[in-house]
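Under the working numbering, the first residue of the first sequence carries the number 10, and numbering increases by one thereafter. Here is the structure we will look at.
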Amino acid sequence: MSPPDSDRLAAIRSALMDWYGVHARDLPWRMAPGSAERADPYRVWLSEVMLQQTTVPHATPYFQAFVTRWPTVGALAAAPDEAVMGAWAGLGYYARARNLLACAQAVARDHGGVFPDTEDGLRALPGLGAYTAAAVAAIAFGRRAVVVDGNVERVMARLFTVDTPLPKGRPELRALADALTPEPETFDPGDWAQALMDLGSRICRPRSPLCGQCPLAGDCQARASGPPEAWPKKLAKVPKPRREGLVWVLVDKAGRVGLVKRPDKGLLGGMLGLPTSGWDAGEASGPPVVADWVEAGTVRHVFTHFELELEVMRAEGQADLIWREVAEAEATLPTVFRKVLVRALAA
DNA sequence: GAATCGTGGCC
DNA sequence: TGGCCAAGATT
Numbered sequence: 010m011s012p013p014d015s016d017r018l019a020a021i022r023s024a025l026m027d028w029y030g031v032h033a034r035d036l037p038w039r040m041a042p043g044s045a046e047r048a049d050p051y052r053v054w055l056s057e058v059m060l061q062q063t064t065v066p067h068a069t070p071y072f073q074a075f076v077t078r079w080p081t082v083g084a085l086a087a088a089p090d091e092a093v094m095g096a097w098a099g100l101g102y103y104a105r106a107r108n109l110l111a112c113a114q115a116v117a118r119d120h121g122g123v124f125p126d127t128e129d130g131l132r133a134l135p136g137l138g139a140y141t142a143a144a145v146a147a148i149a150f151g152r153r154a155v156v157v158d159g160n161v162e163r164v165m166a167r168l169f170t171v172d173t174p175l176p177k178g179r180p181e182l183r184a185l186a187d188a189l190t191p192e193p194e195t196f197d198p199g200d201w202a203q204a205l206m207d208l209g210s211r212i213c214r215p216r217s218p219l220c221g222q223c224p225l226a227g228d229c230q231a232r233a234s235g236p237p238e239a240w241p242k243k244l245a246k247v248p249k250p251r252r253e254g255l256v257w258v259l260v261d262k263a264g265r266v267g268l269v270k271r272p273d274k275g276l277l278g279g280m281l282g283l284p285t286s287g288w289d290a291g292e293a294s295g296p297p298v299v300a301d302w303v304e305a306g307t308v309r310h311v312f313t314h315f316e317l318e319l320e321v322m323r324a325e326g327q328a329d330l331i332w333r334e335v336a337e338a339e340a341t342l343p344t345v346f347r348k349v350l351v352r353a354l355a356a
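See below:
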């Protein structure tokens with residue numbers, strides 16, 4: 010990697026911001042490029058947390074539902090735990106929802122209902138790591154911050170042909186992003202961050218990048234040495250183990266289904282779920298009640314680091330469980346259990 | 001530093 | 001179909 014000189018950096022900045030002025034995406038949490046008005050910190054923060062490891066199309070309806078139901082951070086802070094977790098169901102990475110509520114409560118309790126307006130202040134809140142703190146500081150408060158997500162890493166790796174594989178190459182990519190980040194007097198920090206991410210998302214895509222439409226193609230070392238999709242380099246991934254278990258769908262005479270609240274930590278933590286045998290080694294709980302259990306098929310589900318095969322058992326009866334209408338359960342359970350419920354009631 | 005933690009879309 | 005990927009944080 011050759012250290013970029015200042016003239017080249019300035020040319021890249023101008024080219025990107027010119028492109029963004031024309032091609033910026035219209036998103037419900039975003040101000041138009043060049044707008045004098047700053048975006049609402051609550052909406053910026055909420056969108057950034059939802060977008061962690063999540064696509065814009067998947068997160069968008071959840072964002073709309075949340076801001077409709079809880080228009081301010083104070084309203085969210087006052088919401089019951091189960092309402093927030095249920096509204097998050099299907100979005101995944103449920104620690105985000107627990108931290109979301111904890112963060113809203115911290116802002117309400119410790120900051121008078123107003124988000125801290127510095128990167129360090131934001132970084133201290135639950136669920137805000139390096140990326141999200143920088144993004145909110147830049148977008149909501151106009152602070153210069155080095156905003157580095159997967160998009161930015163990919164753009165940096167290609168612009169400057171960084172050959173160190175991820176995740177080891179992260180510090181190097183961040184240093185390049187820092188060098189490229191403009192001063193607030195030159196370009197708006199929020200526009201800058203979103204321009205870089207839009208470029209990564211729409212043009213400098215992981216597969217089949219659209220170099221013909223890229224405003225930085227003439228500055229891109231990967232474009233010159235090609236093919237650009239060879240960057241960023243990545244370490245080989247470990248194969249996913251396969252795990253198995255039983256899941257019990259108990260229905261009462263009123264047509265409700267029996268649920269359990271999962272422990273706050275660990276997989277699907279804090280969410281409602283169906284009773285299961287467990288699926289980790291040495292884990293083997295029995296059914297919630299002795300009943301006439303019948304097999305109702307199999308559900309396969311792929312988590313981040315393992316594949317799960319659940320044998321579905323169904324019965325009618327009573328037990329000491331949390332009872333919910335089937336429609337509500339289907340709307341507020343994690344996807345793996347929603348799939349089980351659909352299978353059990355179809356069989 | 002490595003493991004853990006969801007889900008849906010795409011090719 | 002199966003692997004890859006997405007605006008990462010936490011422990």
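Cβ atoms here follow ideal geometry from the backbone N, Cα and C, with glycine treated the same way. Quick caveat, the model's predicted, so the values are computed rather than measured.
Integer Cβ distance of residue 342 from residue 96, believed to fall under 8 Å | Between residue 96 and residue 342 the Cβ distance is about 12 Å, and since that is not below 8 Å, they are no contact.
When you compare each of 322, 289 and 290 to residue 296 by their alpha carbons, which one comes out closest?
-> Relative to the Cα of residue 296, the nearest Cα in the group 322, 289 and 290 belongs to 322.
Per DSSP, residue 227 forms a beta bridge with which residues?
-> Per DSSP, residue 227 has no beta-bridge partner at all.
What separation, rounded to the nearest whole angstrom, lies between the Cα atoms of residue 130 and residue 258?
-> Rounded to the nearest angstrom, the gap between the Cα atoms of residue 130 and residue 258 is 45 Å.
For residue 271, the residue or residues it bridges with in DSSP | Partner residues in a beta bridge of residue 271, as assigned by DSSP, do not exist.
Residue range of the unbroken alpha helix (DSSP H) whose run includes residue 52 | For residue 52, the enclosing alpha helix (DSSP H) covers residues 50–59.
Can you give me the Cβ contacts of residue 115 inside the same chain, cut-off strictly under 8 Å, excluding the 5 residues immediately before and after it?
-> Excluding residues within five positions, the ones whose Cβ falls inside 8 Å are 134 and 135.
So is residue 121 buried or exposed if we call it buried at 16+ other beta carbons inside 10 Å?
-> Exposed is the call here.
Report the option in 274, 256 and 275 whose CA atom is closest to the CA atom of residue 303.
-> Ranked by Cα distance from residue 303, the first of 274, 256 and 275 is 256.
Drop a sphere of 10 angstroms on the beta-carbon of residue 15, count the other beta-carbons inside from all chains shown, and report buried for 16 or more, exposed for fewer.
-> Residue 15 should be labelled exposed.
Own chain partners of residue 10 with C-beta closer than 6 Å, once the 5 adjacent residues on each side are dropped = Confidence at residue 10 is low in this model, with a pLDDT of 49, below 50, so its placement is unreliable and the value that follows should be read with caution. Taken in chain order, the residues that qualify are 169 and 171.
Proximity of residue 205 and residue 247 at Cβ, strictly below 7 Å = No, the Cβ-Cβ distance between residue 205 and residue 247 is not below 7 Å.
Scan the stretch 296–324 and note each continuous beta strand (DSSP E) run of 3 residues or more that stays entirely inside, going in chain order.
-> The stretch 296–324 contains these whole beta strand (DSSP E) runs: 303–311.
Buried or exposed: where does residue 70 fall if 16 or more other Cβ atoms within 10 Å of its Cβ makes it buried?
-> Classification for residue 70: exposed.
7 Å Cβ cutoff met for residue 260 and residue 269 | Contact flag unset, no.
Check whether residue 123 and residue 53 have beta carbons under 7 Å apart | Taking C-beta atoms as the reference points, residue 123 and residue 53 fail to come closer than 7 Å.
Whole-angstrom distance between residue 312 and residue 111, CA atom to CA atom = Between the alpha carbons of residue 111 and residue 312 lies a gap of roughly 25 Å.
Quick one: grab the DSSP three-state call for residue 21.
-> Three-state DSSP puts residue 21 in a helix.
Exposed or buried, which one is residue 166 when buried takes at least 16 other CB atoms within 10 Å?
-> Residue environment analysis places residue 166 among the buried positions, since at least 16 neighbouring C-beta atoms fall within 10 angstroms of its C-beta.
With distances taken Cα to Cα, identify the nearest neighbour of residue 21 among 40, 188, 75 and 351.
-> Measuring from the Cα of residue 21, the nearest candidate turns out to be 188.
Three-state secondary structure (DSSP) of residue 232 = Assigned with DSSP and collapsed to three states, residue 232 falls in helix.
Complete alpha helix (DSSP H) runs within the stretch 115–171 (minimum length 4 residues, chain order) | Runs found: 128–132, 139–150 and 159–168.
In the DSSP assignment, what are the bridge partners of residue 243?
-> Residue 243 is bridged to 175.
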